[in-house]
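Here is the structure we will look at, set down as structure tokens.
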Ligand SMILES: C[S@@+](CC[C@H](N)C(=O)[O-])C[C@H]1O[C@@H](n2cnc3c(N)ncnc32)[C@H](O)[C@@H]1O
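Residue numbers (our numbering): 11 to 322.
This is the structure:
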């Protein structure tokens with residue numbers, strides 16, 4: 011499977027679809043659900059077809075794009091991601107059987123991976139241990155967590171660099187936390203990176219969104235009210251100077267077609283627009299490729315494997 015992945019990934023172009031989606035954004039044709047669906051099929055169809063050639067069937071979402079129901083379908087995508095990790099780790103070289111799940115929130119995905127992979131150590135990390143503790147409390151009937159799982163309190167913007175995971179995986183890491191997790195994988199030279207991004211509106215220190223009269227927009231407006239207050243505290247939660255506005259776009263390739271002000275404007279429209287979310291994520295695909303990974307992408311899910319770790 012990894013050989014087919016690398017062969018297919020090599021042929022993929024992320025810059026052209028990013029440019030096409032950017033043209034949609036600049037034309038103002040975003041946030042209309044029917045148009046968004048058609049535009050994504052047109053501009054990302056090749057990436058989706060490539061994904062289908064390499065990976066098991068992608069979980070179909072019965073809900074309309076950019077609705078709260080669509081947003082909460084992410085649980086199905088997370089379960090799909092976990093299955094991809096479990097299916098691929100046996101193919102990874104080396105005897106360091108360590109999986110790190112940064113921004114682990116409740117730790118349930120990490121514990122589930124630990125149960126599925128008893129021969130691997132799984133470390134869930136998060137800057138805030140509270141959520142994990144609360145979850146353990148309410149799920150006490152599940153008994154003790156698997157012995158090969160542990161939680162470590164950690165700010166992903168200042169990670170423990172001594173730890174050398176073979177796999178970095180996460181299931182939603184808001185805004186620049188995703189970029190902190192990608193940089194952690196790159197710095198640790200983790201062979202496999204499997205993850206889902208989220209809250210694209212919070213990249214580059216941004217907490218402003220374009221308002222539109224719909225439930226998903228109200229939800230993100232409330233969230234950003236809270237995030238703006240968290241940001242002021244400068245306590246490492248969600249925001250870091252290293253991931254300020256000027257740090258975006260992340261990739262050199264994307265900087266040729268979009269500047270920081272435009273990508274932040276794109277982010278401010280991301281709550282209502284998958285076109286905008288994909289623009290931010292395609293930049294991340296280019297960034298991973300520039301940092302030694304082959305990568306494939308679909309609907310906020312990334313599967314990346316380091317070229318240097320391809321078996322001879
Ligand atoms: C709220 S969750 C994301 C859930 C997500 N919206 C989803 O789609 O599933 C984000 C997690 O990131 C953690 N987090 C925030 N800043 C962090 C940092 N600097 N380092 C590590 N974890 C961080 C938070 O504590 C939280 O548990």
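C-beta atoms are modelled at their ideal positions from N, C-alpha and C, and glycine is treated no differently.
The alpha carbon of residue 117 has as its nearest neighbour, out of 273, 108, 136, the alpha carbon of 136. Within the model, the alpha-carbon separation for residue 320 versus residue 13 is close to 8 Å. Residue 105 counts as exposed, since fewer than 16 other C-beta atoms from the protein chains shown sit within 10 angstroms of its C-beta.
Placement of the Cβ of residue 258 at a distance of 7 Å or more from every heavy atom of ligand 1 is found.
Look at residue 65 here: in three-state DSSP terms it is coil, with no helix or strand label. Taking residue 194 as the centre and dropping the five residues before and after it, the same chain places the C-beta of 112, 166, 169, 178 closer than 7 Å to its C-beta, in chain order. Not one heavy atom of ligand 1 falls within 7 Å of the beta-carbon of residue 69. DSSP places residue 152 in the helix class (H, G or I) of the three-state scheme. Taking C-alpha positions only, residue 274 is separated from residue 246 by approximately 20 Å. Relative to ligand 1, the beta carbon of residue 111 is positioned no closer than 7 Å to any heavy atom.
With a minimum length of 4 residues, the unbroken runs of alpha helix (DSSP H) contained wholly in the region 88–131 fall at 118–126.
Taking all protein chains in view, the Cβ of residue 229 is surrounded by fewer than 16 other Cβ atoms within 10 Å, so the residue is classified as exposed. One thing to note: residue 69 has its Cβ within 8 Å of the Cβ of residue 87. A distance below 8 Å separates the beta carbons of residue 191 and residue 183. Around the CB of residue 288, 16 or more other CB atoms lie within 10 Å, so the residue is classed as buried. Taking residue 158 as reference, the option from 140, 171, 146, 131 with the minimal CA-CA separation is 131. Across the set 133, 181, 172, 139, the C-alpha of 133 shows the shortest separation from the C-alpha of residue 156.
When Cβ pairs closer than 8 Å are counted between the two stretches, the region 58–68 is seen not to touch the region 201–215, the count staying below three. Distance from the CA atom of residue 26 to the CA atom of residue 268, rounded to whole angstroms, is 12 Å. Restricting attention to 17, 94, 312, 62, the CA atom closest to the CA of residue 290 is found in 312.
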